[in-house]
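Enquirer: Below is one structure. I have some questions about it.
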DNA sequence: GCGACAG
DNA sequence: ATCTTGTCGC
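Residue numbers (the numbering used here): 18 to 260.
Written out as C-alpha cells, the structure is:
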C-alpha cells in the first residue's frame, strides 16, 4: 500500500536541516480529575475559546489515537496545505488513564495527543478527530487542545455528539448546519459525493466557514481529511505492531 | 425511568 | 475505539 517507514525517514532527515519551532502547550489544569471536575474545567475554559477566521494556511497538522489494551498510541503529522505532502511526523504512547465518557473525550486522549504534537513543527491549523464547539459545553477536543496549544484548530468527527441537522445535499461540498439549543455549532459536510458526511466545527481561533474550507481542502480522494487519515493509519499500525 | 452519546 | 474476511459497488 504505502511505504511510510521510508517516507518518514526521508522526512526526518529533511526536518533536521530546516526545523522550525516544535509545538508547545501550557497545561491550564490537571488531567487527573473526576468526571464532575472535568465538566467544571470545561465550563471554566469554554469562555476562552475565540471564534475567528483562519488567515495563514501553509501547513496543517492532524492527530489520532489508537488503543491496544491499556495502552494509547498517538500519531501527529504535519502536511503542506497545498499538496498534502508529508512534512513531519511524531509518535507518543502512554497508559490509558481515563475511560471513554461522551463529552469528556479530551481527558482520555488529550495527554497522549499533546505529547505527540510536541514532536512536530508548529502548524497553521490543527485538525482533530472529534468535535470543536459542537459539544454540550462548547468545548470539544479541538477547542480544548487548540486552547492549550494557543493555535487555530478545527474539529472533524465521523459522527455527531449533539445538535440537530438535516441531510446535506449529495454533492461534495454541500453541507447543512448543526444546531444545538438554538445555536449553530457546526456543519454536516459532504467531502465526497454520495458518501456519508463528516461533522466539522470550529475548535479555537477558527470559524465555521474556515472549518468547512479547511476540511474540504484536506479531503481529496477520501471522506476523512488527509491529515487525520494518515494519523489514523500510522497510530493504528503502531498500536498493533507493539503487541 | 428512557433514549442519546466524539473515540 | 476494538474484535475481524470477504465482498458489493463507484
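No residue lacks a Cβ here, since even glycine has one placed at the ideal position from N, Cα and C.
With distances taken between CB atoms, is the gap from residue 209 to residue 189 smaller than 8 Å?
Expert: yes
Enquirer: Measure the C-alpha to C-alpha separation of residue 195 and residue 148 and round it to an integer number of angstroms.
Expert: 12 Å
Enquirer: Beta strand (DSSP E) containing residue 16: first to last residue?
Expert: In this structure the chain extends from 18 to 260, so residue 16 is not present and cannot be described.
Enquirer: What does the alpha-carbon distance come out to for the pair residue 184 and residue 72?
Expert: 30 Å
Enquirer: Using beta-carbon positions only, say whether residue 120 and residue 161 come within less than 8 Å of one another.
Expert: no
Enquirer: Would you mind stating whether residue 91 and residue 129 have Cβ atoms separated by less than 8 Å?
Expert: yes
Enquirer: In three-state terms, what does DSSP make of residue 169?
Expert: coil
Enquirer: Considering only residues of the same chain and omitting the five flanking positions on each side of residue 251, which have a CB-CB separation below 6 Å?
Expert: Only 92 meet the Cβ criterion.
Enquirer: Buried or exposed for residue 239, going by 16 or more other Cβ atoms inside 10 Å?
Expert: exposed
Enquirer: If you check the beta carbons only, do residue 113 and residue 88 fall under 8 Å apart?
Expert: yes
Enquirer: In whole angstroms, what separates the C-alpha of residue 234 from that of residue 86?
Expert: 35 Å
Enquirer: Just curious, the beta strand (DSSP E) that residue 253 is in, first and last residue?
Expert: Careful: residue 253 lies outside any beta strand (DSSP E), inside the alpha helix (DSSP H) at 243–258.
Enquirer: Enumerate in chain order the residues of its own chain whose CB-to-CB distance from residue 38 is below 7 Å, with the five nearest sequence positions on each side excluded.
Expert: 138 and 139
Enquirer: Could you check where the alpha helix (DSSP H) with residue 123 kicks off and where it finishes?
Expert: 123–134
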